[in-house]
Amino acid sequence: ANGGYLRKADFEKHTSTWVEPVSVNYRGYDVYELPPNGQGIATLQMLNVLEGYDLKTMGRNSPATLHAMIEAKKIAWADRARFYADPAFAKIPLKGLLSKKYAAERRKLIDPEHAAKTVAAGNPALEQGDTIYMCAADDEGNIVSLIQSNYRGMGSGIVVPGLGFNFQDRGELFSLEPGHANVYAPGKRPFQTIIPGFVMKDGKPWEAFGVMGGGMQPQGHVQVLTNQIDFGLNLQEAGDASRWQHDGDNEPTGEKMEDGGYVNLESGIPYETARELKKRGHDVRLDVGGYGGYQAIKVEIHDGQRVYVGASESRKDGMAAGY
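Per my numbering, residue 13 is the first one in the sequence shown, and the count goes up by one each step.
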């Protein structure tokens, strides 16, 4: 259709896959994300790097904390650009990327006083292996974390006759660079950004959560989790709190970060922090949009009874409801 290369046979051959989520332990909490071809492990890589910092002592929204988070994002994004792809076509060093030892080595790249202008991908050992988000929980303790997307606006703009839904346009996220892990190929799934999140504590469900918004998603996951785990905010406060977003980075489509990218800061982050980040070499901008949209369900136990707490932030349409 519309001069594209996809044919009916391509859609007939498509099958959905059941995959096992991957996780890292962050300060006693097991954080789960989906493996590539998605970007969920960028959240886990960032958390592994940040675990080496005492964020609580450093302070929420302090220059030191935001600098560490932004630099951890750059480090994860370098690997995201090089390695994240369809595992049926590329060998992804998943175990190495998520190891604490690898994170410790990558953490050494962070200069506490200067923003990195370029970051190269690491070399982990290869293992010998318009978005909506919603979550739901029932009275038996089952919890679902779900995300879906058309990608840009109305997606491809192609609507299935008689059925009323349109195809997404995630094929935009292939690389055209020969030899790249995410290079365009027949029957291959492109890198994609949608990532539902889930957290376990002591082997039991603790939270289902998500943050809509393309490349903001792993950054948002890290911010809402550290808001709760490190800084003690409750479920709603964790989503309402001011956010930052770094952009202009290495991408799986082939773009390279050459000047350190730029950081958008939301209203509520102290101007003193913005000034200090500029001193460290960050290109700081103030913006009102692009910080994603968060929703979550948390499991709490009160008087021996399971209680669900819901949260939905005001940056987008959404609500928390129970019955």
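Glycine residues also receive a C-beta, built at the ideal position from the N, C-alpha and C atoms.
| Check | Outcome |
| --- | --- |
| Touching or not, the segment 198-206 and the segment 97-116, by the rule of three or more beta carbon pairs under 8 Å? | yes |
| Who are the near neighbours of Ile104 in its chain, counting only those whose CB is closer than 6 Å to its CB and skipping five residues on each side? | Pro48, Phe95 |
| What's the call for Ser28, buried or exposed, on a 16-neighbour Cβ count within 10 Å? | exposed |
| From this set, Tyr196, Phe210, Ala308, which residue's C-alpha is nearest Leu18's C-alpha? | Tyr196 |
| For the alpha helix (DSSP H) that contains Leu175, what are its first and last residues? | Note, Leu175: premise wrong, no alpha helix (DSSP H); not H, not E. |
| Round the Cβ separation of Gly305 and Lys328 to the nearest angstrom and send it over; I've been treating them as touching at under 8 Å. | 3 Å |
| Can you give the Cα-Cα distance for Met269 and Gln257, rounded to whole angstroms? | 15 Å |
| For the beta strand (DSSP E) containing Asn73, name the first residue and the last one. | Neither: Asn73 is in no beta strand (DSSP E) and is coded neither H nor E. |
| Indicate the three-state DSSP secondary structure (helix, strand or coil) for Trp30 in the structure shown. | coil |
| By DSSP, does Asn276 sit in helix, in strand, or in coil? | strand |
| Runs of 3 residues minimum, wholly inside the segment 115-171: which ones carry the beta strand (DSSP E) assignment? | 143-149, 155-161 |
| If you draw a straight line from the alpha carbon of Ala9 to that of Thr265, how long is it in whole angstroms? | Any question about residue 9 goes unanswered here, given that the chain covers just 13 to 335. |
| Three-state secondary structure (DSSP) at His258? | strand |
| Would you call Trp218 buried or exposed, if buried means 16 or more other Cβ atoms sit within 10 Å of its Cβ? | buried |
| Just to confirm my understanding: we take Thr77, look at its own chain, exclude 5 residues before and 5 after, and list those with CB closer than 7 Å. What are they? | Leu67, Met70, Gly71 |
| For Tyr44, collect the residues of the same chain with a Cβ closer than 8 Å to its Cβ; drop the 5 residues on either side in sequence, then sort them by chain order. | Pro33, Val34, Ser35, Gly209, Phe210, Val211, Met212 |
| Between the Cα of Glu325 and those of Ile313, Val319, Ile309, Gly316, spot the shortest distance and give me the residue it belongs to. | Ile309 |
| In angstroms with no decimal places, state the Cα-to-Cα distance between Lys85 and Gly316. | 39 Å |
| With respect to the alpha helix (DSSP H) encompassing Leu106, which residues constitute its N-terminal and C-terminal limits? | 106-109 |
| Whether or not the segment 225-242 and the segment 54-67 are in contact is what I'm after, with contact meaning three or more pairs of Cβ atoms, one per stretch, closer than 8 Å; do they touch? | yes |
| Under the DSSP definition of a beta bridge, which residues are partnered with Gly195? | In the sequence as displayed, the identity of residue 195 is Val instead of Gly. Partner(s): Ser187. |
| Using the C-alpha atoms, what's the distance from Asp91 back to Ala116? | 15 Å |
| For Tyr114, which residues in the same chain have their Cβ closer than 6 Å to its Cβ, ignoring the five residues on either side in sequence? | Gly108, Pro136 |
| Would you give the residue range spanned by the beta strand (DSSP E) that Gly209 belongs to? | 209-213 |
| Is it true that the CB of Ile159 sits closer than 8 Å to the CB of Ile87? | no |
| Tell me the DSSP bridge mates of Gln6? | Nothing in the structure corresponds to residue 6, since the chain is present only between 13 and 335. |
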